[in-house]
Amino acid sequence: MFIKQLRKQQLLSQEQLAEKTQLSLRTIQRLESGQRVGYASLRAIAEFFSLDVDSLEQELYSMDRIINEYNDYPLWLRLYIGSGWFSATRQEFKRIELFFLICALLTGLVWFSGFFYPYRPTLFTVTLDQLMGFCSFVLLLGAYNNSVSIRLGDKYDIWSKLEATQENTWFGIFKRRKYRQ
Numbered sequence: 004m005f006i007k008q009l010r011k012q013q014l015l016s017q018e019q020l021a022e023k024t025q026l027s028l029r030t031i032q033r034l035e036s037g038q039r040v041g042y043a044s045l046r047a048i049a050e051f052f053s054l055d056v057d058s059l060e061q062e063l064y065s066m067d068r069i070i071n072e073y074n075d076y077p078l079w080l081r082l083y084i085g086s087g088w089f090s091a092t093r094q095e096f097k098r099i100e101l102f103f104l105i106c107a108l109l110t111g112l113v114w115f116s117g118f119f120y121p122y123r124p125t126l127f128t129v130t131l132d133q134l135m136g137f138c139s140f141v142l143l144l145g146a147y148n149n150s151v152s153i154r155l156g157d158k159y160d161i162w163s164k165l166e167a168t169q170e171n172t173w174f175g176i177f178k179r180r181k182y183r184q
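First residue of the sequence shown? That's 4 in my numbering, and the numbers climb one at a time after it.
Have a look at this one:
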């Protein structure tokens, strides 16, 4: 977005900027969409706009920029996914979804095996198989919710912006937070 603003201030198209900096149009498009480019490309852009390469790189790839882009997402998306979930990567979401599905299958099997019991409870008695049926249903809803979160993350391109800044863990939502002093 920063490069796009600079380009528009000088009333240039992407093609014109590509010609003047001797970069490809695709490189300019990648820069404007927030993707990483090579240092030589950054140097050419910085030279054209009379900027320091290091400060340009910091502006393009800083964590503050990612947080500001998060605030640009629609409110309903921020409320649905939530800031706590943004510590997990797409692969971790897939693992959590698989975990929910396996647990739903296991509790569903216990629930289904309860259909062969000759004892039927009275109105206020809950048996283990009924409880497992309810748990299976709730776990399936959790897996579906996780699946929707993954699809929304794909649609709004959340993963590409966050995965570059995160360390690899098995479940990022359970890792300890490091606080700066």
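By construction, the Cβ of each residue, glycine as well, lies at the ideal position given by its N, Cα and C atoms. These figures come from a predicted structure and were not determined experimentally.
Proximity below 8 Å, CB of residue i to CB of residue j
i	j	result
S150	W114	no
A43	Q25	no
L34	A49	no
L14	A21	no
L142	A107	yes
Residues near residue i in its chain [Cβ-Cβ closer than 6 Å; skip 5 each side]
i	result
E62	F5
Y83	none
L9	F52
I99	N149
Closest by C-alpha distance to residue i, when choosing among the options
i	options	result
M135	T110, I105 and F51	T110
K7	G41, A43, E100 and F52	F52
S155	Q17, V56 and R93	It is worth fixing the name first, because residue 155 is Leu in this sequence and not Ser. Ranking the options by Cα distance to L155, first place goes to R93.
L112	R98, Q133, E100 and L78	Q133
Expected contact under 8 Å - CB spacing of residue i and residue j to nearest Å
i	j	result
F96	I153	5 Å
Y159	L80	6 Å
Where the alpha helix (DSSP H) through residue i begins and ends
i	result
T24	Q17 to T24
Q12	F5 to Q12
K54	It should be noted that the sequence gives Leu, not Lys, for residue 54. L54 -> no alpha helix (DSSP H), and no H or E assigned at all.
Chain-order list of residues whose beta-carbon lies under 7 Å from that of residue i (same chain, five-residue window excluded)
i	result
R104	The identity of residue 104 in the sequence shown is Leu, whereas the question assumes Arg. So the qualifying residues of the chain are A146.
F137	none
D75	none
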